[in-house]
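Asker: Residue numbers (the numbering used here), protein chains in the order written: chain S, 258 to 428; chain X, 15 to 568; chain R, 478 to 582.
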Amino acid sequence: MPLVKNGKITADAFVCVADDAPIPADGAILISAARFLDDPEALSRRGGPTGVIWPNNRDVDDLVPYLDRLAVVALVFPTFRDGRAYSQARLLRERYAYRGEMRATGQVLRDQFVFMLRAGFDAFEVKKASDAEAFASTSKRYSVFYQPTGDGRITALHRRMQLRHSESASQ
Amino acid sequence: MYAYDELDRTLINERVSEFRDQVKRRLSGELTEDEFKMLRLQNGVYLQLHAYMLRVAIPYGTLSSKQLRRLAHVARRYDRGYGHFTTRQNIQFNWIKLAELPDALADLAEVGIHAMQTSGNNTRNVTSDQWAGVAPGEIEDPRIWSELLRQYTTLHPEFSFLPRKFKFAITASAHDRAAIKIHDIGLRLHRNADGETGFEVLVGGGLGRTPFIGKTIKPFVHGHDLLSYVEAILRVYNQYGRRDNIYKARIKILVHELGIEKFAKEVEEEWLQMRGSALAIDDSVIEDIRSRFAYPAYEKLPHMPDELKKAAHDPHFEAWRKNSVALHKVSGYAIVTLSLKPVGGPPGDATANQMDGLADLADKYSFGEIRVGHEQNLALPHVARRDLPALWRSLDKLGLATPNVNLVSDIIACPGLDYCSLANARSIPIAQELTRRFANHDTANLIGRLHINISGCINACGHHHVGHIGILGVEKNGEEFYQITIGGRADENAAVGTLIGPAVPYGEVADVVEDIVEAYLALRARPDELFVDTVKRLGVEPFRERVYATRQER
Amino acid sequence: MTSPLEQKKIKITGPSVVTGNRTWDGVVIYRTSARGWSAALSDAAIVRTSDEARSLLAESVADDVGAIGAYIAPVEIKDTGEIKPGNLREHIRAAGVTIDLPVSA
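So this is what it looks like as structure tokens:
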């Protein structure tokens, strides 16, 4: 499954560690939420970067105290139609100011890229290689956005107000 | 009329090109139907019994003559020459080919019409009062807020994959023509004691398998806070709404299971954390949207012009005028409702020729504007009263002057088993038979206001629960049967109807409705006691007795 | 539409066909014995046992580009050999709506 990061297909530096496998002392790892919450202090002291795979039915509030020590938060789309992780992503980025990598995992297709980018995702484990290859073009499909989110894209309402001001200034 | 600007047009075109790519990938086999289904639903494309169906949004029920002509063009060019207006200010084309859909959407996009989010588990077309902006006594034009919500909900990055579909309706009048109490979120515009404009917010209304009347979650949300409050509701729903069972996934079930107090508390907590966010609306934004709604330059005209006095001698004209013409907020003008319920016709259907003809009449008599109501009728919102006789003659030629608005033959009906892949029984032939039974205008007038609503299955697209008489098609051993409810209503006193007894077979539905109506005529306290009020006063028992007394043998 | 899971449970009680809608235009079609599709019910392959039905369905569902929503539907075979739809829904799919279409004069 190709990983798209910074708009490009990239080798995944993180290794998924199963719940029953030993945790390596260093190197970049991704572990389950349950395992992370079991002993977050110990995991924070290990040598390499740690990321957590956070299920979409658990409040992100539980993760908030540890956000500054996490290198990756991977949110899950068990199906295309299950959109809970969009809310989790926005809360993490916009309310709790999480700045690390936020990764979309699971059923990730090109038709969700724009929504995901707007919700704050910056890394994508894309289901199909053809979709990953189409990332650059697909993610630029839209140039107009109606809703303010934390991604900084200017909304249509504000563009209109700016246009209006520049018109009145030039008169 | 709201005028789309370059930004609105760009977004619609970008959506069309995205959908064109999705269709292309489907037809080439790159996407399986399983993958494509969600994508097509997000753009209003269903698969029905005979063909694909395209549902096109008519936001808050407002159309320009140019847009109506374009709908006629799509009906002619890509379909079979007609369209079906639905109970949610949409129009459906029943015979459209998948391969041609992108072209049809591109044609519609040229006049600012789209099919975004007319199906799928997202926020659907925002509906409103079809008399918005012209109804006397309205707080203010609810379409300004509807348009704000239309923009806010379109391609929302967080709420495009909700547990289930989500419908908004807005009214700004004391008499609710938008059926806000049967919507996921109903908004009633009003002013508080300080004279500020805001909304009573209702949540959790809906029909379908488990009907609920919406409950007030907050009596007053200031206009400035509308979007943040709505976002708080949607966020709570997106996270906690059930996804394990499609029949329990609507917000009404979450509200019911949590209780409105607990749900309101969750929403309030969420809202307090974000009400000052970028979603706070300042007055300049509202003014910007308001400025793009053009209102006609009304003239100073007499309320009772000579043309009208003269036409009053024609009983046919008078029958139509009394039935179809309503007071306008501007003296000398009228709101004219056009019945899409001709005797023997399918409710809500209009041919391409009728649409073109009506577009011409709108240009001539209604400042180029047409409205679509949830009762599946159309309206011309700005007709000078002196033009009423001439308009009536032209409408009559188009078959759009049936004088039965709000009467027993003004029936709401879903497409039913004639078209719909979900239906268990037919709706349209039942409606047609009822319009024939009650074709006599004097009888219909004697009966007075009576709404019959028919759905071909439990999903309730025909709003049967809230019909004064509701008819629900079910299947029993391969035969079509119909359950009859009475006492429902969809207005400000919305209520779900009560079942009167066992389902009756297809061939007996019209007889049963006639029996119910005859019982009402015999039981009503005064000639002006409406059917629904008689049912409220007496309960269903006398009606049940009347219907089943002669049908016990079966 | 019937999901493949439900289809596995299907047991037919009489002559049946496999039907769906043509992907590019949505037209009602029936699976033929020549591993193709036809818009005419008279061309449909008739199956009489649950095993036959399941295997015809499996082959039909595999043609995802040709048809969508394939499922098993009952038919009646007249003495003349003519194939008739087995219920009202299938009758409407085969013969069209039971009402007059609104037409533009």
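Here a beta-carbon is modelled for each residue, glycine too, at the ideal position from N, C-alpha and C.
Predicted model, so just to flag it, every value in this text is computed and none were measured.
Distance, Cα to Cα, Ala582 of chain R vs Ile300 of chain X?
Answerer: Residue confidence is low: Ala582 of chain R scores 42 on pLDDT, short of 50, so the model does not pin down where it sits. Its coordinate-derived value is still stated next. Cα to Cα, the separation comes out at about 45 Å.
Asker: Any contact of the segment 340 to 352 of chain X with the segment 393 to 410 of chain X, i.e. 3+ C-beta pairs under 8 Å?
Answerer: The segment 340 to 352 of chain X, when compared against the segment 393 to 410 of chain X, does touch it at the 8 Å Cβ threshold.
Asker: Quick check on the burial criterion: 16 or more other C-beta atoms within 10 angstroms. Buried or exposed for Gln287 of chain X?
Answerer: Label assigned to Gln287 of chain X: exposed.
Asker: Once the 5 residues before and after Phe307 of chain X are set aside, which same chain residues still bring their CB inside 6 Å of it?
Answerer: So the list reads Tyr16, once near-sequence residues are dropped.
Asker: Please list, in chain order, the chain R residues whose beta carbon lies closer than 9 Å to that of Pro443 of chain X.
Answerer: By Cβ distance, chain R contributes Thr575, Ile576.
Asker: Thinking just about the alpha-carbon of each residue, which of X:Glu489, X:Ile485, X:Pro541 is nearest to the one in Gly501 of chain X?
Answerer: Checking every option, the nearest Cα to that of Gly501 of chain X belongs to X:Ile485.
Asker: For His482 of chain X, collect the residues of the same chain with a Cβ closer than 6 Å to its Cβ; drop the 5 residues on either side in sequence, then sort them by chain order.
Answerer: Only Leu464, His465, Phe545, Val546 meet the Cβ criterion.
Asker: Specify the secondary structure class of Glu154 of chain X as computed by DSSP and reduced to three states.
Answerer: Residue state, collapsed to three classes: coil.
Asker: Could you give the distance in angstroms between the alpha-carbon of Ser480 of chain R and the alpha-carbon of Asp528 of chain R?
Answerer: With a pLDDT of 49 at Ser480 of chain R, under the threshold of 50, the modelled position of this residue cannot be trusted; read the value that follows with caution. Each residue's alpha carbon lies about 18 Å from the other.
Asker: Could you run through the segment 288 to 319 of chain S and flag, in chain order, every residue whose CB is less than 9 Å away from some CB of chain X?
Answerer: So the list reads Asn313, Asn314, Asp316, given in the order they occur along the chain.
Asker: When we look at the beta-carbon of Pro329 of chain X and count the other beta-carbons within 10 Å, is it buried (16 or more) or exposed?
Answerer: So Pro329 of chain X counts as exposed.
Asker: Taking contact to mean at least 3 C-beta pairs separated by less than 8 Å, is the segment 553 to 562 of chain X in contact with the segment 514 to 525 of chain X?
Answerer: Touching, yes, given that three or more Cβ pairs across the two stretches are closer than 8 Å.
Asker: Could you give the DSSP three-state label for Ser537 of chain R: helix, strand or coil?
Answerer: Ser537 of chain R falls in the helix class under three-state DSSP.
Asker: With Ser298 of chain X as the anchor, note down where its beta strand (DSSP E) starts and where it stops.
Answerer: No beta strand (DSSP E) contains Ser298 of chain X, which is instead part of the alpha helix (DSSP H) from 297 to 305.
Asker: Can you name the start and end residues of the beta strand (DSSP E) that Arg91 of chain X belongs to?
Answerer: No beta strand (DSSP E) contains Arg91 of chain X, which is instead part of the alpha helix (DSSP H) from 79 to 92.
Asker: Could you tell me the alpha carbon to alpha carbon distance between Leu63 of chain X and Ala149 of chain X, rounded to whole angstroms?
Answerer: Taking the straight line joining both Cα atoms gives about 40 Å.
Asker: Would DSSP call Arg440 of chain X helix, strand or coil?
Answerer: Note: Arg440 of chain X maps to coil in three-state DSSP.
Asker: Just to confirm, is the Cβ distance from Leu322 of chain X to Pro403 of chain X under 8 Å?
Answerer: In this structure, Pro403 of chain X lies closer than 8 Å to Leu322 of chain X by Cβ.
Asker: Between Ala413 of chain S and Leu21 of chain X, how many whole angstroms is the CB-CB distance? I'm expecting something under 8 Å.
Answerer: The Cβ separation is near 5 Å, so the contact holds.
Asker: Excluding five sequence neighbours on each side, which residues of the same chain lie with their C-beta closer than 6 Å to the C-beta of Lys266 of chain X?
Answerer: These residues qualify, in order along the chain: Gly218, Gly220, Phe226.
Asker: Rank X:Leu405, X:Pro356, X:Val526 by C-alpha distance to the C-alpha of Ala453 of chain X and give the top, closest one.
Answerer: Per the Cα distances, X:Pro356.
Asker: Helix or strand or just coil, what does DSSP make of Val329 of chain S?
Answerer: Three-state DSSP puts Val329 of chain S in a strand.
Asker: Contact check, Gly75 of chain X vs Gln144 of chain X under 8 Å by CB: the rounded distance?
Answerer: So it is a contact: roughly 5 Å between Cβ atoms.
Asker: Where does Ile286 of chain S fall in DSSP's three states?
Answerer: It is a strand residue.
Asker: What does the alpha-carbon distance come out to for the pair Tyr166 of chain X and Gln404 of chain S?
Answerer: Approximately 6 Å, taken between the alpha carbons.
Asker: Helix or strand or just coil, what does DSSP make of Arg350 of chain S?
Answerer: Correct three-state label for Arg350 of chain S: helix.
Asker: When the cut-off is 8 Å and only beta carbons count, does Gly94 of chain X lie next to chain R?
Answerer: In the sequence as displayed, the identity of residue 94 of chain X is Arg instead of Gly. By this cut-off, Arg94 of chain X is an interface position.
Asker: By the criterion of Cβ-Cβ separation under 7 Å, what are the contact partners of Glu152 of chain X in chain S?
Answerer: Near Glu152 of chain X there are no residues of chain S at all, since even the closest Cβ is about 25 Å away, more than 7 Å.
Asker: If we call anything under 8 Å between Cβ atoms a contact, is Pro395 of chain X one with Asn337 of chain X?
Answerer: No; because the gap between Cβ atoms is not below 8 Å, this pair is not in contact.
Asker: Thr24 of chain X lies in the alpha helix (DSSP H); which residues open and close that run?
Answerer: 20 to 41 is the span of the alpha helix (DSSP H), which, as asked, contains Thr24 of chain X.
Asker: So for Met369 of chain X, helix, strand or coil by DSSP?
Answerer: Helix.
Asker: Consult DSSP for Gln287 of chain X and reduce its assignment to one of helix, strand or coil.
Answerer: Three-state DSSP puts Gln287 of chain X in coil, outside helix and strand.
Asker: Here's the rule: buried if 16 or more other CB atoms are within 10 angstroms of the residue's CB, otherwise exposed. What is Lys265 of chain S?
Answerer: Label assigned to Lys265 of chain S: exposed.
Asker: For a contact meaning CB atoms closer than 9 Å, what does His64 of chain X contact in chain R?
Answerer: Neighbours of His64 of chain X on chain R, chain order: Asn498, Gly503, Val504, Val505, Ile569, Arg570, Gly573, Val574.
Asker: May I have the straight-line CA-CA distance separating Arg360 of chain S from Leu374 of chain S, to the nearest angstrom?
Answerer: Roughly 10 Å between the two C-alpha positions.
Asker: Look at Phe223 of chain S and Phe392 of chain S and say whether their C-beta atoms are less than 8 Å apart.
Answerer: This structure leaves residue 223 of chain S out entirely; chain S is present only between 258 and 428.
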